[in-house]
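Below is one structure; the comments refer to it alone.
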Amino acid sequence: MQKSGHDATSRICLVLAKVPEGRVVTYGGLAELAGLPRAARLVGQTLRKLPKDTGLPWHRVINAQGKISLPEPAARRQWKLLKGEGITPINGKIDLPRYGWPKPDEL
DNA sequence: TTAGTGACAGCTC
DNA sequence: AGAGCTGCCACTA
1371 MQKSGHDATS
1381 RICLVLAKVP
1391 EGRVVTYGGL
1401 AELAGLPRAA
1411 RLVGQTLRKL
1421 PKDTGLPWHR
1431 VINAQGKISL
1441 PEPAARRQWK
1451 LLKGEGITPI
1461 NGKIDLPRYG
1471 WPKPDEL
């Protein structure tokens, strides 16, 4: 959303916007889908800057461990949003193989 | 232009 | 299984 459309930020937002409800994507995965392999950290920085009124599903982004990477206050909100979409943590973690996106095939 | 930083990931102990 | 260390990429000062 800023300059043109070939900025890392823009591409990340574009891919993020494609993440369907009830699914989640890892930082690394999102980076890769955005054409920025190994740039997981950049995704974090980018998401962090997103305005709060953004329509992007920022809450569907979690780390490769299936956990929230945000600091406490925000972490709770993210969990709540995820649960609101039907995503329930198992043992405090999200089952990526199950909720991960994209998914080549639906069971 | 160089150095420092971060909402990560992967490997090792 | 959990904690720690290192690597990586793009961004900001």
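Under the numbering used here, the first residue of the first sequence carries the number 1371, and numbering increases by one thereafter.
No residue lacks a Cβ here, since even glycine has one placed at the ideal position from N, Cα and C.
Counting C-beta neighbours from all protein chains within 10 Å, is the total for residue i 16 or more, i.e. buried, or is it exposed?
i            : result
residue 1430 : buried
residue 1416 : buried
residue 1401 : buried
residue 1399 : buried
residue 1434 : exposed
residue 1372 : For residue 1372, the pLDDT reaches just 44, beneath the cut-off of 50, and the residue's location in the model is therefore unreliable, leaving the point undetermined.
If distances are taken between C-alpha atoms only, which option among the options comes closest to residue i?
i            : options             : result
residue 1504 : 1442, 1458 and 1427 : Absent from the model: residue 1504. The displayed extent of the chain is 1371 to 1477, so no value can be given.
residue 1424 : 1383, 1442 and 1463 : 1383
Can you give me the Cβ contacts of residue i inside the same chain, cut-off strictly under 6 Å, excluding the 5 residues immediately before and after it?
i            : result
residue 1466 : 1436
residue 1469 : 1393, 1394 and 1457
Which whole-angstrom value describes the C-beta separation of residue i and residue j, a residue pair presumed to lie in contact below a C-beta threshold of 8 Å?
i            : j            : result
residue 1414 : residue 1439 : 7 Å
residue 1378 : residue 1406 : 6 Å
residue 1385 : residue 1404 : 5 Å
residue 1449 : residue 1389 : With 8 Å as the limit, residue 1449 and residue 1389 do not qualify as a contact, their Cβ atoms being about 17 Å apart.
Kindly list the residues whose CB is nearer than 7 Å to the CB of residue i, restricted to its own chain and excluding five residues on each side of it in sequence; keep chain order.
i            : result
residue 1475 : none
residue 1455 : 1391 and 1392
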